[in-house]
Amino acid sequence: MAASNITAKKDDEQPDDEDNMEWLYKTKEIAELCNQHRWDCETCADCGYDHPYYHAFHTKTVYYGDDGSMRLQYPVWILDGKYDSSDSTSSCSTTTEALLDDFYELNNERRDFHAHPSPVEDIIDPDLLIYRPQIADAEREEEMSLRDQYQWIPSDFRVNRNEVHIETPICHLPMNEKYENTYRNIEIIFEKLVPMFRKIMSFNENGDTRLQVVVKVQSYNIKPGMKYSGRWHTEGRTENIQAVGVYYLYIDDELEGGALKFRPAVSPKPYYVKEANRYLMPETDTAVVFSNDIPHRFCSIRNTTSNLLRRTFLNFFIVDRQSPIPTNELCVNNLPLVSYDQCLNLLKSITLNEAQHLPDLVIERILLYLTKYIWQTETDAKDFRQRVRQEMVKQRAGWSGIDYGNFGDVKFINKPKSGVKWMTVLVTIIQNI
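Position 235 of the sequence shown, counting from 1, maps to 235 under UniProt numbering, and the rest follow consecutively.
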């Protein structure tokens, strides 16, 4: 079966089919088609399958009236840990387990959860700014959206062949002895994605290359009887993200659905092409790399058990090397990582002979300098992020109605008496995740 034949029976923007058996059938159908494509790709000359990753979908040419044609391209690459026969597979499993332990510990400490009933838990979120946004053009402040007023803070990843070293801190992950192994394990994961990133970005295979990478870690804590689905989006807004890498650290086997869905950046009218969308069914240890030119979303994830189930993943957003984020000031090393109140308490706690060492005037001058960069409290940073999310809900990207950011919908499922069709109570929320 060719990749161009991978279709679902219905392109439902927000799944509304409440018949349980049909919903399960569609989910299994997508999974079977994705698995079928993998084995087709193994013998595909275009993919040159001599490595553990493969090109997920072939280019499709669509013809229409007046000798017109269009090539539908899907720059998506996948590495399936289950089929990776390299010697590093077992060590990668250990790496994944260690990262999960570290991230879940951070998650329990920070408890940066989206508002009920959203299942989204932010572990490392680049939108939770460690600095107060600076308006470069004050005259345009009123017409600028909140999201246009800042950029994510990238980390510098040095790539030497396939070896990776993270040279500057990841936002919200201190580069200290406690997290030394965490950084090394993130490097190991990124190393496995490097060959796929090279398929999308051009950089030196033999020499040193420095990439600006924004790291994001999330976990979906899917409650019993919940369905959660994403909306079409691309990553970033002011950051010029060129490529995206997603590594699925853990997906509970009992979760149903959750296929990744892609569509071309440009495509003809629906009557010229029966199905332009493509699907991937990720599992634990699956890595997916794709160009940020193509919109994507995840299909409905469903928990029909009586237990909490998780889907946890590590994102890498790669900045276009031709349009880098300025880092002369916008760097974790150059920014205070505490709020105004925390900084004040820290400066006052410096003592000499059991007395405050720094005079109040000195502390006042230090804080006066830092005021334009730091939040008054940590709550202020979260309040600003929430305002950004609410504003983005109402905005469109200006092409094909694609949302900037990643948005999702929640449904709760109530199972009535036997023999009656499943009914849903829609509790739709639109939360930026």
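From the three backbone atoms N, C-alpha and C, an ideal C-beta is built for every residue, glycine too.
Between residue 349 and residue 377, the beta carbon gap of about 18 Å keeps them out of contact (Cβ cut-off 8 Å).
DSSP places residue 394 outside both helix and strand once states are collapsed to three, so it counts as coil. In the three-state reduction of the DSSP assignment, residue 68 falls in the strand class, which pools E and B. Counting the other Cβ atoms within 10 Å of the Cβ of residue 287 gives 16 or more, which makes it buried. Per the C-alpha coordinates, the member of 391, 266, 221 and 269 positioned closest to residue 112 is 221.
Distance check between residue 293 and each of 312, 385 and 237 places 237 closest, using alpha-carbon atoms only. Counting along the chain, residue 148 sits inside no alpha helix (DSSP H), nor does DSSP assign it H or E at all.
In the DSSP assignment, residue 302 is bridged to 227 and 256. If you look at residue 211, you'll find it in the beta strand (DSSP E) that goes 208-222. Beta-bridge pairing by DSSP links residue 375 to no other residue.
For residue 366 and residue 263, the gap between their C-alpha atoms comes out near 51 Å. Proximity to residue 301 across 323, 229, 295 and 269 peaks at 229, based on C-alpha coordinates. Judged by beta-carbon spacing, residue 242 lies beyond the 9 Å limit of residue 306, meaning their Cβ atoms are not closer than that value.
Burial is judged here by how many other beta carbons sit within 10 angstroms of a residue's own beta carbon; residue 281 has at least 16 and is buried. When the Cα atoms are used, residue 239 and residue 356 turn out to be separated by approximately 43 Å. When rounded, the separation of the alpha-carbon atoms in residue 317 and residue 279 is 21 Å. Assignment of residue 122 by DSSP, reduced to helix, strand and coil, places it in the strand class. Secondary structure note for residue 54: its beta strand (DSSP E) is the uninterrupted segment 53-55. Cβ neighbours of residue 320 within its own chain (closer than 7 Å, five residues either side excluded): 240 and 242.
Where residue 367 is concerned, the enclosing alpha helix (DSSP H) starts and stops at 360-370. Of all alpha-carbon atoms in 384, 412 and 392, the one lying nearest the alpha-carbon of residue 133 is that of 384. For residue 315, the enclosing beta strand (DSSP E) begins and ends at 309-319. Looking only at 72, 64 and 81, the smallest Cα-Cα distance to residue 54 is reached by 81. Residue burial is scored here from C-beta neighbours: residue 312 has at least 16 other C-beta atoms within 10 angstroms and is therefore classed as buried. Judged by beta-carbon spacing, residue 223 lies within the 9 Å limit of residue 303, meaning their Cβ atoms are closer than that value. Under DSSP, residue 297 forms a beta bridge with 261.
In the DSSP assignment, residue 128 falls outside any beta strand (DSSP E), carrying neither H nor E.
As summarised for the UniProt domain "DUF4246" (144-203), the continuous beta strand (DSSP E) elements at least 3 residues long and confined to that stretch are 155-160 and 163-166, given in chain order. Between residue 185 and the set 314, 69, 380 and 212, the nearest pair of CA atoms involves 314.
Residue 175 is not a Cβ neighbour of residue 410, given a cutoff of 9 Å. A check of alpha carbon separations from residue 391 across 144, 60, 325 and 120 identifies 144 as the nearest. For residue 80, the enclosing beta strand (DSSP E) starts and ends at 76-80. Residue 242: not part of any alpha helix (DSSP H); member of the beta strand (DSSP E) spanning 241-251, first to last residue.
For residue 382, the secondary structure class from DSSP, reduced to helix, strand or coil, is helix. Two segments are said to touch when three or more pairs of C-beta atoms, one from each, lie closer than 8 Å; by this definition the segment 112-126 does not touch the segment 358-365. A distance of 9 Å or more separates the beta carbons of residue 218 and residue 155.
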